[in-house]
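A.B. asks:
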Amino acid sequence: MASTNPETLALHAGWRRDPATHAVAVPIYQTTSYQFDDAQDASDLFALKKLGNIYTRIMNPTTDALEQRIAALEGGAAALAVASGQAASAMALQNIARAGDNVVSSTDLYGGTWNLFANTLRDQGIEVRFVDPADPEAFRRATDAKTRAYYAETLPNPKLAVFPIAEVAAIGRELGIPLIMDNTAAPLLVRPFDHGAAVVVYSLTKYLGGHGTSIGGMIVDGGNFDWGAYPERQPLLNSPDPSYHGAVWSEAAKPLGPIAYILKARTTLLRDLGAALSPFNAFLIIQGVETLALRMRAHSDNAAAVATFLSARRDVTRVIHPSYQTGVAAERTKKYLTKGTGGLVGFELAASADAGRRFIDALKMFYHVANIGDARSLAIHPASTTHSQLSEADQRATGVSPGYVRLSVGIEHIDDILADLTQALDAAG
Ligand code: PLP
40 MASTNPETLA
50 LHAGWRRDPA
60 THAVAVPIYQ
70 TTSYQFDDAQ
80 DASDLFALKK
90 LGNIYTRIMN
100 PTTDALEQRI
110 AALEGGAAAL
120 AVASGQAASA
130 MALQNIARAG
140 DNVVSSTDLY
150 GGTWNLFANT
160 LRDQGIEVRF
170 VDPADPEAFR
180 RATDAKTRAY
190 YAETLPNPKL
200 AVFPIAEVAA
210 IGRELGIPLI
220 MDNTAAPLLV
230 RPFDHGAAVV
240 VYSLTKYLGG
250 HGTSIGGMIV
260 DGGNFDWGAY
270 PERQPLLNSP
280 DPSYHGAVWS
290 EAAKPLGPIA
300 YILKARTTLL
310 RDLGAALSPF
320 NAFLIIQGVE
330 TLALRMRAHS
340 DNAAAVATFL
350 SARRDVTRVI
360 HPSYQTGVAA
370 ERTKKYLTKG
380 TGGLVGFELA
390 ASADAGRRFI
400 DALKMFYHVA
410 NIGDARSLAI
420 HPASTTHSQL
430 SEADQRATGV
440 SPGYVRLSVG
450 IEHIDDILAD
460 LTQALDAAG
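No gaps in the numbering here: position 80 of the sequence shown is 119 in the working numbering, and each next residue is one more.
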């Protein structure tokens, strides 16, 4: 695809027509396995001498179109779809870190990612060291010889302070450490590879799918990180892999392109852990991706209008939105969010946690759900729901105060959004 415009790529990248039927829309290949041409074809596919369909646990034609489309939108080399955003985050790290290694992560994380890092990965022997992203140098200070990756969210909710991608990516590149960015809240608004990140992960469940129908995840390889240049720092990509007849991934991938990282993730982790995306979900998520550019614009415009509206209300003590940041966070909004400020808005009510609950209960159009990025407007009280498994101190570290309410502003008409907020605020007061 010659175009680099996201509106066009979202409709055309990775697919022209079905080779068998000439269908224009990507069909659902609800299929598990694929007939080899002959014995040589089969052995070449297994030996990675060429890429092609073998078995849907590790690749599928519908999923492949989605992977190519998102890789193109992101400006990456290749992508791997998985069953959920959680699977994407876990596998993105497990692909390069094993027991005894560590990862340095921003504190500003989705609650589920926090749990994965603080508990499950720790139990697997991978230590995650949390640092405050306000100071990019904190990543360097937490690094030692066993650090394999840096990890952060582009536009982390609830704080909605943009992560210093270029600053931390540059530190990592000095040390041979890739920056992995969860870009779930900012697709098309920020392309982390343009700022030096090496890997992007997504929960497709949110804006990319966009319609609240399917759970899914994606790992995108920027193809911009020279894994082979850091044999000590990145042993899993530079030493023989006994699970694939001794392949050294930084070498084995060379004939196929700069895709060592994602090739290893597909052929070892997805093969072994089996968290594959279903082709049906890939199909539904493709429908969402096709209108992503329009929706991100509408989400950004509506959320900015909601932030302005909330800031004028006397019962709202604080508005949390990328354009209401101060100091260095405000500078980062300007530097990174040049195409829109996203669909998320937080606020605190003067009357605290109880008022927050009353507000949520009074909403009529907004849905009260544990999700973001739906075309519909959504609201939640994180302290009693998404972040309730964290201690109060950990909640505060991720930016959740007891009275915080999070809105994921949808693409309805702005008048209807503001009308629902007005009546719910009045009822809560
Ligand atoms: N990353 C972010 C920023 C999220 O908001 C979420 C889900 O809420 C996830 C990852 C996990 O994604 P999933 O729910 O698809 O597993």
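Don't be surprised by glycine CBs; every beta carbon is placed ideally from N, CA and C. All values derive from a computational prediction rather than experimental measurement.
I want to check one thing, is the minimum distance from the CB of Y68 to the heavy atoms of the ligand PLP below 6 Å?
C.D. replies: No, the ligand PLP has no heavy atom inside 6 Å of this Cβ.
A.B. asks: Can you check which of these residues, R310, I109, I359, is closest to S440 by C-alpha distance?
C.D. replies: Nearest option by C-alpha distance: I359.
A.B. asks: Look at the Cβ atom of P361, then the Cβ atom of L376, and state whether they are nearer than 7 Å.
C.D. replies: Yes. Within cutoff.
A.B. asks: Could you spell out the range, first to last residue, of the alpha helix (DSSP H) harbouring Y375?
C.D. replies: Segment 366 to 375, the alpha helix (DSSP H) holding Y375.
A.B. asks: If you draw a straight line from the C-alpha of F405 to the C-alpha of L460, how long is it?
C.D. replies: Using only the alpha carbons, I get a separation of about 8 Å.
A.B. asks: CA-CA distance, A467 and A351?
C.D. replies: Cα to Cα, A467 sits roughly 16 Å from A351.
A.B. asks: Any idea if V249 is buried or exposed, counting beta-carbon neighbours within 10 angstroms, 16 or more meaning buried?
C.D. replies: The question names Val, yet the displayed sequence has Gly at residue 249. Buried: at least 16 other Cβ atoms inside 10 Å.
A.B. asks: Among the candidates H407, S430, R371, L316, whose CA atom is the shortest distance from the CA of R119?
C.D. replies: Looking at the sequence shown, residue 119 is not Arg but Leu. Of the listed residues, the one whose Cα sits closest to L119 is L316.
A.B. asks: Using the rule of at least 16 other Cβ atoms within 10 Å of the residue's Cβ for burial, across every protein chain shown, is Q125 buried or exposed?
C.D. replies: Label assigned to Q125: buried.
A.B. asks: Under 8 Å, with one C-beta from each stretch per pair, do the region 415 to 426 and the region 221 to 238 reach the 3-pair mark?
C.D. replies: Short answer: they don't touch.
A.B. asks: Are the CB atoms of Q364 and A200 within a distance shorter than 7 Å?
C.D. replies: Against a cut-off of 7 Å, the Cβ pair of Q364 and A200 comes out as a contact.
A.B. asks: On the criterion of 16 or more Cβ atoms from any shown chain inside 10 Å, does N44 qualify as buried, or is it exposed?
C.D. replies: N44 comes out exposed.
A.B. asks: Which residues does DSSP pair with E166 in a beta bridge?
C.D. replies: In the DSSP output, where bridge partners are listed per residue, E166 has N141.
A.B. asks: Can the beta-carbon of V143 be found closer than 7 Å to that of P175?
C.D. replies: No; because the gap between Cβ atoms is not below 7 Å, this pair is not in contact.
A.B. asks: What is the rounded straight-line gap between the Cα of I165 and the Cα of I219?
C.D. replies: The straight-line gap from Cα to Cα measures roughly 16 Å.
A.B. asks: The ligand PLP heavy atoms versus the CB of D147: any closer than 6 Å?
C.D. replies: Not under cutoff, so the answer is no.
A.B. asks: If you check the beta carbons only, do S128 and A191 fall under 7 Å apart?
C.D. replies: Contact: no.
A.B. asks: Taking 7 Å as the cut-off, decide whether the C-beta atoms of I298 and A117 are in contact.
C.D. replies: Against a cut-off of 7 Å, the Cβ pair of A117 and I298 comes out as a contact.
A.B. asks: So who's on the other strand from E387, going by DSSP bridges?
C.D. replies: In the DSSP output, where bridge partners are listed per residue, E387 has R357, Y443.
A.B. asks: With DSSP as the reference, please indicate the residues paired to G124 in a beta bridge.
C.D. replies: None; G124 has no bridge partner.
A.B. asks: With a threshold of 6 Å (Cβ to nearest heavy atom), would G124 be considered close to the ligand PLP?
C.D. replies: Yes; taking the cut-off as 6 Å, the Cβ of G124 has a heavy atom of the ligand PLP nearer than that.
A.B. asks: Below 8 Å on the Cβ atoms is my contact criterion, and I expect H420 with R396 to pass it. Report the Cβ-Cβ distance as a whole number of Å.
C.D. replies: Confirmed, about 6 Å.
A.B. asks: Under 8 Å by Cβ, that's how I've got T193 and I216 pegged, so tell me the actual separation to the nearest angstrom.
C.D. replies: Wrong, their Cβ atoms sit about 18 Å apart, outside the cutoff.
A.B. asks: Could you say which of A401, Q428, V345, A432 lies nearest to E451 if we only look at CA atoms?
C.D. replies: For the residues A401, Q428, V345, A432, the minimum Cα distance to E451 belongs to V345.
A.B. asks: Whole angstroms are fine: how far does the CA of Y73 sit from the CA of Y283?
C.D. replies: Rounded to whole angstroms, Y283 to Y73 spans 21 Å at the Cα level.
A.B. asks: So which of A458, F322, L302 has the shortest CA-CA distance to A286?
C.D. replies: Measuring from the Cα of A286, the nearest candidate turns out to be L302.
A.B. asks: Would you say the beta carbon of T244 comes nearer than 6 Å to a heavy atom of the ligand PLP?
C.D. replies: Yes, the beta carbon of T244 sits closer than 6 Å to at least one heavy atom of the ligand PLP.
A.B. asks: Per DSSP, what kind of secondary structure is V201 in: helix, strand or coil?
C.D. replies: Coil at V201, not helix or strand.
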